[in-house]
């Protein structure tokens, strides 16, 4: 809990600065959450796709090809985790001065659901530092995504309903990552379809991804609907609330991504000569994914 702030008459001139500090903290928290979510989703999706759907001949070459992106994502996660606890302490306390307050940091880490999620993230990072193998990367990134179900709207209930909400949230995150996070790998496979020796294996990987994608997209949509009813109890029609407006925007973008994915599978991919169009459509899905993750980060910071 934040300590009460005494506002004497002479303190009135400092209030605008204090409000700006709070908004800056919220913006920093949003950036931290976005980086964490985007990087964890990418690592999970890439490892899951290559480890389960890609032919063996492509797994290690593509895994090495995205090595730079994997290291950058791991660094982004580490930075986000490092910053998140001080930012949460500043948000729950008296502003930036509590970001470096050892007592406040300890209270947040040990006495809140936010702290429980943060501790889990630290443990995962320490245990699987480096994540060089696909298995370790898949396990670690899935655990990091699972930590998000320990806090936020997923813990708004008690008892069995809380457990159900957390499991559904985990399903939503893992299915979303299996779809959105794998799109970068899809981009790396497209140029390989132009090489005679890799054409068959690259096409097989893409066809498998597109086929499994039907189930994954359905899981994303159904778990998203379940989350909505667990939080709101109804479809978000109260558009006067920022939370519900952003939720509708997110749902619309996910549906648009689903339409693009279906077009890729049944119209563009069978016409292999249209590879530039397929490449641009995948880039479009990646851009939409980034917006969806940003909206999800915003929604997670708002009250329903």
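Residue numbers (the UniProt record's numbering): 1 to 304.
Backbone N, C-alpha and C fix where the C-beta goes; we use that ideal spot for every residue, glycine too.
If you draw a 10 Å sphere on the C-beta of residue 100, you find fewer than 16 other C-beta atoms in it, and that means exposed. Rounded to the nearest angstrom, the Cβ distance from residue 169 to residue 227 is 6 Å, consistent with a contact under 8 Å. With respect to residue 277, residue 223 sits apart: the two C-beta atoms are not nearer than 7 Å.
In the three-state scheme derived from DSSP, where H, G and I count as helix and E and B as strand, residue 95 is classed as coil. Cβ contact annotation for residue 292 (same chain, cutoff 7 Å, sequence separation greater than five): 250, 253 and 254, in chain order. Judged by DSSP in its simplified three-state form, residue 23 adopts helix. Residue ranges of uninterrupted alpha helix (DSSP H) with 4 or more members, entirely inside the stretch 130-210 and ordered along the chain, are 134-147, 159-180 and 183-189. Judged by DSSP secondary structure, residue 262 falls within the alpha helix (DSSP H) whose first and last residues are 242-263. Taking one beta carbon from each stretch, the stretch 113-121 and the stretch 142-150 have 3 or more pairs nearer than 8 Å; the two touch. Between residue 60 and residue 188, the C-beta gap is not smaller than 7 Å, which leaves the two residues out of contact. Taking a 10 Å sphere around the C-beta of residue 267, we find fewer than 16 other C-beta atoms and assign the residue as exposed. Around the beta carbon of residue 75, a 10 Å sphere encloses fewer than 16 other beta carbons of the protein chains shown; the residue is thus reported as exposed. Straight across, the Cα-Cα distance linking residue 164 with residue 113 is about 17 Å. Between residue 84 and residue 149, the C-beta spacing is not below 7 Å.
One Cα belongs to residue 211, the other to residue 218, and the distance between them is close to 12 Å. With a threshold of 16 other beta carbon atoms within 10 Å, residue 209 meets it and is buried. Excluding the 5 residues flanking it on each side, residue 180 has same chain C-beta neighbours closer than 7 Å at 41, 45 and 289, in chain order. Here residue 175 is buried: its Cβ has 16 or more other Cβ atoms, across all protein chains shown, within 10 Å. If the five residues before and after residue 54 are omitted, its C-beta is found closer than 7 Å to the C-beta atoms of 62 and 205, all from its own chain and listed in chain order.
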